[in-house]
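Q: The opening position of the sequence shown corresponds to residue 30 in this note's numbering, with each subsequent residue numbered one higher. For each residue, glycine too, the CB sits at the ideal point set by N, CA and C. Supplied in structure tokens, the structure appears directly below.
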Amino acid sequence: MALTLLRGMRTSIPFRSNSGMFFTVLRPQLSRFTTRATESAQATEPKAAPKSIQLATKEAAEQKTQGFEAVIGIETHVQLSTVTKAFCSCPYNYGSQPNSTICPTCMGHPGTLPVLNEKVIECAVKLGLALNCEISMTSKFDRKQYFYPDLPKGYQISQFDIPIAKKGYVDLDLPVEFGGGHRKFGITRVHMEEDAGKLLHSESGSYSQVDLNRAGVPLLEIVSEPDMRTGIEAAEYGAELQRIVRYLGVSNGNMQEGSLRCDVNVSVRPVGQSEFGTKVEIKNMNSFSEINRAIDYEISRQILLHKEGQADQIVQETRLWDESSQVAHFFDSTLEHGADAKLACNWIMGDIAAYLKNEKLSINETKLTPLELSELIASIKNGTISGKIGKEILVELIAKGGTVKGVIEEKDLVQIADPAAIEAMVDKVIADNPKQLEQYRAGKTKLQGFFAGQVMKASKGKANPVLLNKILGEKLNAN
30 MALTLLRGMR
40 TSIPFRSNSG
50 MFFTVLRPQL
60 SRFTTRATES
70 AQATEPKAAP
80 KSIQLATKEA
90 AEQKTQGFEA
100 VIGIETHVQL
110 STVTKAFCSC
120 PYNYGSQPNS
130 TICPTCMGHP
140 GTLPVLNEKV
150 IECAVKLGLA
160 LNCEISMTSK
170 FDRKQYFYPD
180 LPKGYQISQF
190 DIPIAKKGYV
200 DLDLPVEFGG
210 GHRKFGITRV
220 HMEEDAGKLL
230 HSESGSYSQV
240 DLNRAGVPLL
250 EIVSEPDMRT
260 GIEAAEYGAE
270 LQRIVRYLGV
280 SNGNMQEGSL
290 RCDVNVSVRP
300 VGQSEFGTKV
310 EIKNMNSFSE
320 INRAIDYEIS
330 RQILLHKEGQ
340 ADQIVQETRL
350 WDESSQVAHF
360 FDSTLEHGAD
370 AKLACNWIMG
380 DIAAYLKNEK
390 LSINETKLTP
400 LELSELIASI
410 KNGTISGKIG
420 KEILVELIAK
430 GGTVKGVIEE
440 KDLVQIADPA
450 AIEAMVDKVI
460 ADNPKQLEQY
470 RAGKTKLQGF
480 FAGQVMKASK
490 GKANPVLLNK
500 ILGEKLNAN
């Protein structure tokens, strides 16, 4: 890595001293650089933690009982809400047309010189103070040298040995449902840098396109100490950082826009061991609940390898979190057990997906297995249970586990397919509702749904719907 102090930058504005820090600062004549503060950032109090975190699984909080503990550190990139980029006067607006907010400076053309946006320093100092850091009275920038298509200069302007802030901490209280208690997580450093562009890959993989709108956008990187031990602690730490940057107005903190990005380092070691285990980096997490789930999954994976004597298979690597692949694997496993592909797809993308979204869970966090989903589909298809009963059984399997056969027997849910039994129930419902029968025969045929509902209620949802509608139609239309 080449470390180069940016002393060669030239500008029409001379260097000036500001609290002991020397920087090259661009001052436009028409307006000063200002910070865009969203409505949420202007609130007088930080927002409450996202509900999804409170609903997440707490299994990882019990890892010490297995003889192991996790060691977790997080690198958080915060995109600043300045009007212009870090080292040029280009604006940045999320969602703009590709390559529409660029100039020779952020494209790295020869002969161009960067000029620092003073608002970047202001935001960095604000955040450093909010994180209880020591502010460096003298700071500098360095070159982080690497070659990639989204970095047109061939290096990133960043900070290495003298960051703008260091040695801070974050205080927070965990939710009661996760054991509660006060936590204090150390902050190693906060440093300023510029963002890279964005690569867009074709579906075929035959070509890639680069959008340089984001190149040169100012970032603050917050590096934590490895003080976290569970996924929920890491998620709460990230949520606290989001509340802080929004409250200060330095960033909108929207993870879905990439304004706040978290890269997590996870390792596992036996309880009592001081030496760190081999760390694995996790990227591509777009919510705090995903951070929680991704960490818990990685902890479980590493502990399993330790227990099976395969700790040497834990290598230092970067892993991408992709929940969609979990769903795909679940679907494939369901088909391997003989389920109808179309029906399996409908159940997974319909009722199961709705349940997971409502409860903020991933499919791997449920008690449902591919085998039991295939059994459920088969039971509906062969008429053992109705689709309505199937939905009730599904919720039971997701939340508590068990088998389809066991739930059916325990709750006596076998579908009534005896024509005589259904006919008796139909006769009783018709006899109990003479007014509705008269209205039906007077032309209000939509009342057939009313009668069907009453029969299903009497049968506790167990009447075969096809047979029921056939018998009901015959009875209602009889002379």
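Residues in its own chain within less than 6 Å of Ala-264 by CB, not counting five upstream and five downstream?
A: By 1-based counting over the sequence shown, the position of residue 264 is 235. So the qualifying residues of the chain are Ile-82, Phe-317, Ile-320 and Asn-321.
Q: Should Val-144 be labelled buried (16 or more other beta-carbon atoms within 10 Å of its own) or exposed?
A: Within the sequence shown, residue 144 is the residue found at index 115, counting from 1. Around the beta carbon of Val-144, 16 or more other beta carbons sit within 10 angstroms, so the residue counts as buried.
Q: Could you spell out the range, first to last residue, of the alpha helix (DSSP H) harbouring Glu-250?
A: Translated into the one-based positions of the sequence shown, residue 250 becomes position 221. Run containing Glu-250: none in the alpha helix (DSSP H); it sits in the beta strand (DSSP E), 247-253.
Q: Would you call Leu-402 buried or exposed, if buried means 16 or more other Cβ atoms sit within 10 Å of its Cβ?
A: Translated into the one-based positions of the sequence shown, residue 402 becomes position 373. When all chains shown are included, Leu-402 counts as buried.
Q: Decide yes or no for the touch test of the segment 293-300 against the segment 107-127: beta carbon pairs closer than 8 Å, at least 3 of them.
A: no
Q: What are the boundary residues of the alpha helix (DSSP H) that Glu-147 is part of?
A: If you number the sequence shown from 1, residue 147 lands on position 118. Glu-147 -> alpha helix (DSSP H) spans 147-159.
Q: Considering only the alpha carbon of each residue, which of Gln-483, Gln-444, Ala-446 and Lys-473 lies closest to Lys-457?
A: By one-based count along the sequence shown, residue 457 stands at place 428. It is Gln-483.
Q: Taking the alpha carbon of Lys-196 as the point to measure from, which residue in Ala-428, Asp-380, Pro-204 and Lys-213 has its own alpha carbon closest?
A: Here residue 196 corresponds to residue number 167 of the sequence shown, with the count starting at 1. Measuring from the Cα of Lys-196, the nearest candidate turns out to be Lys-213.
Q: For Asn-506, which residues of its own chain have a beta-carbon under 7 Å away from its beta-carbon, when the five flanking residues on both sides are left out?
A: Walking along the sequence shown from the start, residue 506 turns up at place 477. Here the set comprises nothing.
Q: Could you have a look at Cys-119 and say whether DSSP puts it in helix, strand or coil?
A: Sequence index remark: in the sequence shown, residue 119 carries index 90 (1-based). Three-state result, Cys-119: coil.
Q: In chain order, which continuous runs of the alpha helix (DSSP H) of length 4 or greater are located wholly inside the segment 420-497?
A: Qualifying alpha helix (DSSP H) stretches, in chain order: 433-440, 448-461, 463-470 and 477-487.
Q: Identify the residues that DSSP records as bridge partners of His-211: which are they?
A: Reading the sequence shown from its first residue, position 182 is the one you call residue 211. DSSP, once it has assigned bridges, lists Asp-202 as partnering His-211.
Q: Cα separation between His-220 and Leu-109?
A: As a working note, residue 220 is residue 191 in the sequence shown. As a working note, residue 109 is residue 80 in the sequence shown. C-alpha separation (whole angstroms): 12 Å.
Q: Could you tell me which of Pro-178, Glu-286, Arg-298 and Glu-222 sits nearest to Arg-172, measuring between CA atoms?
A: Here residue 172 refers to the residue found at position 143 of the sequence shown. Nearest option by C-alpha distance: Glu-222.
Q: Classify Val-424 as buried or exposed, calling it buried when 16 or more other Cβ atoms lie within 10 Å of its own Cβ.
A: The residue labelled residue 424 in the question sits at position 395 within the sequence shown. Classification of Val-424: exposed, given that the 10 Å Cβ count is below 16.
Q: According to DSSP, simplified to helix, strand and coil, what is Tyr-184?
A: Residue 184 sits at position 155 when you count from the first residue of the sequence shown. Strand at Tyr-184.
Q: Identify the residues that DSSP records as bridge partners of Asn-294: which are they?
A: As a position in the sequence shown, residue 294 is number 265, starting the count at 1. Beta-bridge pairing links Asn-294 to Gly-102 and Glu-310.
Q: Can you tell me whether Lys-93 is buried or exposed? The criterion is at least 16 other CB atoms within 10 Å of its CB, across all chains shown.
A: On the sequence shown, residue 93 is found 64 positions in, with the first residue counted as 1. Low confidence applies here, because Lys-93 scores a pLDDT of 43, under 50, leaving its location unreliable; read the following figure in that light. Exposed, since its Cβ has fewer than 16 Cβ neighbours within 10 Å.
Q: Do you know how far the Cα of Ala-159 is from the Cα of Gly-278?
A: Looking up residue 278 in the sequence shown gives position 249. Looking up residue 159 in the sequence shown gives position 130. The straight-line gap from Cα to Cα measures roughly 12 Å.
Q: Within a Cβ cutoff of 6 Å, which residues of the same chain sit near Leu-426, ignoring the five residues on either side of it in sequence?
A: On the sequence shown, residue 426 is found 397 positions in, with the first residue counted as 1. In the same chain as Leu-426, and ignoring 5 residues on each side of it, the C-beta atoms closer than 6 Å to its own belong to Leu-397 and Glu-401, in chain order.
Q: Buried or exposed: which applies to Met-454, given that a residue is buried once 16 or more other Cβ atoms fall within 10 Å of its Cβ?
A: For the purposes of this step, residue 454 is taken as the residue at position 425 of the sequence shown. It is buried - the Cβ of Met-454 has at least 16 other Cβ atoms within 10 Å.
Q: Please list the terminal residues of the continuous beta strand (DSSP E) segment that includes Arg-511.
A: Since the displayed the chain opens at 30 and closes at 508, residue 511 lies outside it and no answer follows.
Q: Just tell me which of Asp-200, Ala-340, Leu-385 and Val-309 has its CA closest to the CA of Asp-325.
A: The sequence position of residue 325 within the sequence shown is 296, counting from 1. Out of Asp-200, Ala-340, Leu-385 and Val-309, Val-309 has the C-alpha closest to the C-alpha of Asp-325.
Q: Mapping DSSP to helix, strand and coil, what is Met-221?
A: Counting from one through the sequence shown, the residue named residue 221 turns up at place 192. If DSSP states are grouped into helix, strand and coil, Met-221 belongs with the strands.
Q: CB-CB under 6 Å to Asp-202, same chain, minus the five flanking residues each way: which ones, in chain order?
A: On the sequence shown, position 173 is the one that residue 202 refers to. Contacts found: His-211.
Q: Report yes if the C-beta distance between Arg-330 and Val-100 is below 8 Å; otherwise report no.
A: Counted from its first residue, the sequence shown places residue 330 at position 301. Counted from its first residue, the sequence shown places residue 100 at position 71. No; because the gap between Cβ atoms is not below 8 Å, this pair is not in contact.
Q: In whole angstroms, give me the CA-to-CA distance for Asp-461 and Gly-412.
A: Taking the sequence shown and counting its residues from 1, the one referred to as residue 461 is at position 432. Taking the sequence shown and counting its residues from 1, the one referred to as residue 412 is at position 383. Rounded to the nearest angstrom, the gap between the Cα atoms of Asp-461 and Gly-412 is 29 Å.
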